[in-house]
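Numbering (full-length UniProt numbering), first residue to last: 1 to 217.
Shown next, in the form of structure tokens:
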């Protein structure tokens with residue numbers, strides 16, 4: 001199982017799609033089934049915890065469940081092997097994956113950089129909001145300007161990995177002054193302003209018909 005969260009503030013439902021194929025992104029693979037988990041309490045994004053459990057038995061039957069750890073609400077889906085891919089389909093998708101390997105790699109890199117910048121914006125905004133009274137006005141203004149610049153980069157350069165990395169580096173540098181001030185006050189030595197990252201890649205589980213994976217949105 002793996003724990004996911006919401007992507008938007010006050011998101012009260014998540015959609016789970018079960019896909020089969022060799023490509024990096026769910027949209028490029030075959031959808032075997034999907035379901036929705038409703039009733040998630042309104043909260044800032046990243047707060048709810050949705051545990052997704054994925055299992056394939058010896059007969060090729062796929063069981064996927066999603067459970068909100070806060071409320072205990074759960075939805076699930078069972079997919080029989082008849083909904084999978086034929087041998088010919090698998091071979092075709094393997095060839096397509098090889099053909100688009102470099103394209104998919106670059107697209108994945110861009111998505112990861114976009115997510116990193118988005119997470120950093122949230123973390124730095126939170127730091128400023130919670131510690132504004134402890135910071136010099138000039139430092140607050142400079143950091144807020146850097147945040148707005150980073151947000152604009154997300155809008156203007158959403159598909160440009162180099163520009164996203166540049167915006168991330170600039171925001172990180174801007175946040176260092178704030179971090180230095182806060183940790184000098186607290187006597188700590190940890191750097192703030194840079195969010196921790198956890199691997200979001202769902203391990204793919206395979207059967208004889210090719211990889212089957214779950215995607216949450």
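Note that the Cβ used here is the ideal one computed from N, Cα and C, for glycine as well.
Sub-8 Å separation of residue i and residue j beta-carbons
i, j, result
"residue 164", "residue 92", "no"
"residue 146", "residue 117", "no"
"residue 69", "residue 51", "yes"
"residue 37", "residue 73", "yes"
"residue 178", "residue 127", "yes"
"residue 33", "residue 79", "yes"
"residue 174", "residue 136", "no"
"residue 132", "residue 140", "yes"
In DSSP terms, what residue i is bridged to
i, result
"residue 94", "None, per the DSSP bridge assignment."
"residue 33", "18"
"residue 226", "Given that the chain is displayed from residue 1 to residue 217, the structure contains no residue 226 and the question cannot be resolved."
"residue 54", "64"
"residue 2", "52"
Same chain, Cβ closer than 8 Å to residue i, five either side skipped, listed in chain order
i, result
"residue 134", "181, 182, 185"
"residue 153", "117, 163, 164, 166, 167"
"residue 40", "6, 11, 12, 13, 14, 48, 50, 68, 70, 71, 73"
"residue 104", "23, 24, 25, 28, 97"
"residue 144", "128"
"residue 57", "63"
"residue 149", "167, 170, 171"
"residue 191", "Low confidence applies here, because residue 191 scores a pLDDT of 46, under 50, leaving its location unreliable and the question unanswered by this model."
"residue 100", "23, 28"
Cutoff 7 Å; reference residue i; Cβ partners in own chain excluding five residues on either side
i, result
"residue 42", "10, 12"
"residue 109", "161"
"residue 44", "9"
"residue 125", "147"
"residue 159", "110"
"residue 169", "none"
Distance between beta carbons of residue j and residue i, contact taken as under 8 Å
i, j, result
"residue 3", "residue 77", "So it is not a contact: roughly 19 Å between Cβ atoms."
"residue 24", "residue 138", "Wrong, their Cβ atoms sit about 44 Å apart, outside the cutoff."
6 Å CB neighbourhood of residue i in its chain, flanking five on each side removed
i, result
"residue 21", "29, 30, 93"
"residue 75", "35, 37, 66"
Any 3 or more C-beta pairs closer than 8 Å across the stretch 59-69 and the stretch 94-107: Short answer: they don't touch.
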